[in-house]
Amino acid sequence: MKNHSRYTVVPPTIINFVNDDHNNTDSFVIEYSIHKCPNLLKSDMKNIFPKMKQHFDKYQLYIIPTFQPVSCSLFVFDEKSEKEKDEKLKRFLRFSEKLKRFIEQQTNSKDLMWCDYTDPVTGYPVLSERGGMLYSDVDGCEFLLKSYTFILQPFLPPVLLRS
2 MKNHSRYTVV
12 PPTIINFVND
22 DHNNTDSFVI
32 EYSIHKCPNL
42 LKSDMKNIFP
52 KMKQHFDKYQ
62 LYIIPTFQPV
72 SCSLFVFDEK
82 SEKEKDEKLK
92 RFLRFSEKLK
102 RFIEQQTNSK
112 DLMWCDYTDP
122 VTGYPVLSER
132 GGMLYSDVDG
142 CEFLLKSYTF
152 ILQPFLPPVL
162 LRS
């Protein structure tokens, strides 16, 4: 990809994610990129994650949008698309939890690293207390990736990190 945003740390990268936790072996393709959180989005993050807002000005916040390929339209409400949405959600949650554990292992103090991700169905944080605002994964991805052509159809929201 040529036109990286000035916030891009790692451009869109496709990996084959293997989840081998507790007899749950699963392999799937996921695309991610890593971006410094722009000040414009940082104000939203303070409303979405109110318990962390005092840290967002002191530490660098990163956003990791993720995407998965789909075989049917996610805008249709039929059995096939609902099953696929559920499958993609479960995979996103497994990926996010494994990423969170990896990040926490990189430091001796959990105060130095924080990680959360938003539920794509509700827009609320999965691990933190809810704030007064929902995260719009479409708006966030459009802002961060506006110069990219998507390789995979967008589906799931980003993981949020502070380092």
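If you're matching positions, the sequence shown starts at 2 in this note's numbering and goes up one per residue.
Don't be surprised by glycine CBs; every beta carbon is placed ideally from N, CA and C.
Segment limits, alpha helix (DSSP H) that includes residue i
i, result
"Phe103", "80-106"
"Leu75", "That residue, Leu75, is in no alpha helix (DSSP H); it is neither H nor E in DSSP."
DSSP-derived helix/strand/coil call for residue i
i, result
"Pro39", "coil"
"Pro12", "strand"
"Ser44", "helix"
"Pro126", "strand"
"Pro51", "helix"
Rounded straight-line distance, which links the Cα of residue j to that of residue i
i, j, result
"Pro13", "Gln61", "20 Å"
"Glu143", "Gln106", "31 Å"
"Gln154", "Ser72", "For Gln154, the pLDDT reaches just 46, beneath the cut-off of 50, and the residue's location in the model is therefore unreliable, although a value from the coordinates is still provided. The straight-line gap from Cα to Cα measures roughly 10 Å."
"Asp120", "Val11", "23 Å"
"Leu135", "Lys81", "27 Å"
"Phe18", "Glu32", "10 Å"
"Lys43", "Phe57", "7 Å"
"Ile64", "Arg102", "16 Å"
"His36", "Cys116", "14 Å"
Status (buried if at least 16 other CB within 10 Å, exposed otherwise) for residue i
i, result
"Phe50", "buried"
"Glu83", "exposed"
"Gly133", "exposed"
"Thr67", "buried"
"Gln69", "buried"
"Ser34", "buried"
"Ile16", "exposed"
Range of the contiguous beta strand (DSSP E) that encloses residue i
i, result
"Leu145", "Where Leu145 is concerned, there is no enclosing beta strand (DSSP E), although the alpha helix (DSSP H) it sits in stretches over 138-145."
"Leu135", "From DSSP, Leu135 is part of no beta strand (DSSP E); its letter is neither H nor E."
"Tyr60", "Per DSSP, Tyr60 belongs to no beta strand (DSSP E) and is neither H nor E."
"Asp117", "115-118"
Closer than 7 Å to chain D by CB, residue i
i, result
"Val139", "The chain labelled as chain D is not found in the depicted structure, where only one protein chain is given."
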